[in-house]
Amino acid sequence: NRSPAWFPDGRAIAFASTRDGSSSVWKVSRLGGSASLLLENADMPAVSPDGTRLAFARPGPSGLPRIWVAPLADPSRAERVTGDESGDWEHMDPAWSPDGKLLCYSAFSDLWLVSAAGGKASRLTHDAEHDREPVFSPDGSFVLFSSSRSNPVSIWRVALVGGVPERILPGTGTASQPSLARDGRRLVFSTAVTHHYVVVADRKTGNLSRIASSRNDAMPAMAPD
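Sequential numbering of the sequence shown, starting at 16, is according to this note's numbering.
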């Protein structure tokens with residue numbers, strides 16, 4: 016279960032799951048309980064600001080993921096809004112503008128914009144970087160996103176009208192998967208820390224003992240004795 020997306024009233028969550036053998040979109044109450052199937056063959060759901068439509072990723076005619084939009088009243092009427100000309104390779108991470116008119120999504124490189132009703136897509140960032148996971152600011156004037164244009168990956172933002180992106184998080188830690196509070200005053204994101212240790216396994220007892228240090232330790236070699 017992954018890619019949770021709140022419904023605007025806060026009562027339920029849409030999410031992607033492989034519980035039926037392939038990636039589909041499901042809905043569950045915020046209180047838990049049984050989940051109900053919304054869409055088969057779908058991933059990365061995003062609920063529209065008015066709660067009536069669902070944007071998601073699904074393979075297009077080329078077999079690569081494209082962005083689709085479906086009315087929640089009848090999800091079988093899903094329509095594809097991006098095509099092979101709307102960005103290289105996979106199209107992922109759809110995000111709604113606050114007025115529900117635009118979608119921002121990530122292609123193999125850079126972020127793109129397309130009307131939620133379909134039409135010609137336009138490139139929002141132009142640096143051939145791995146820009147991912149866009150989210151609109153509450154007033155719709157900026158798009159926040161994670162990007163490998165910094166090392167390590169961090170959170171950036173770019174004006175909806177385009178321009179030079181700017182990094183908004185200080186420090187040297189990894190930051191990705193941004194989500195903004197509705198008032199725009201708080202940002203939540205994921206971070207990651209990896210540390211490698213050497214572990215000795217006693218093959219008779221199965222006990223494990225860790226040889227730890229403040230550095231990343233790897234590639235141990237046991238002495239002959």
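We put the beta carbon where it would ideally sit given N, CA and C, even for glycine.
Ranked by Cα distance from V214, the options A227, V203, A207 are led by A227. Boundaries of the beta strand (DSSP E) around K42: 39 to 44. Within the segment 51 to 101, the complete beta strand (DSSP E) segments of 3 residues or longer fall at 51 to 54, 58 to 62, 68 to 74, 80 to 86, listed in chain order. For R45, the CB contacts under 7 Å within the same chain, skipping 5 residues up- and downstream, are G25, R26, A27, I28 in chain order. In this structure, D65 and P23 form a Cβ contact; the two beta carbons are roughly 7 Å apart against a cut-off of 8 Å. Using a Cβ-Cβ distance cut-off of 8 Å, the segment 47 to 65 and the segment 94 to 103 are not in contact, since fewer than three pairs of beta carbons, one from each stretch, lie closer than that value. In the DSSP annotation of this structure, the continuous segment of the beta strand (DSSP E) that includes Y120 starts and ends at 117 to 121. In this model, R164 and G47 are separated by some 38 Å (Cα to Cα).
Burial check for K219: the Cβ neighbour count within 10 Å stays below 16, so the residue is exposed. Remark: C-beta atoms of S63 and L69 approach each other more closely than 9 Å.
Boundaries of the beta strand (DSSP E) harbouring E148: 146 to 151, taken from the DSSP string. One alpha carbon belongs to S91, the other to R138, and they sit about 29 Å apart.
For the segment 145 to 194, the continuous beta strand (DSSP E) assignments of 3+ residues that do not extend past its boundaries occur at 146 to 151, 157 to 162, 169 to 174, in sequence order. Residue pairing by DSSP puts F30 in a beta bridge opposite W41. Beta-bridge partners assigned by DSSP to S137: L128. The three-state reading of DSSP puts P113 in coil, since its state is none of H, G, I, E or B. Under DSSP, A238 forms no beta bridge with any residue. Between D114 and A131, the alpha-carbon positions lie close to 10 Å from each other.
Straight-line spacing of the CA atoms in R17 and D103 works out to 24 Å. Residue environment analysis places T140 among the buried positions, since at least 16 neighbouring C-beta atoms fall within 10 angstroms of its C-beta.
Under the 10 Å beta carbon count, S169 is surrounded by 16 or more other beta carbons and is classified as buried.
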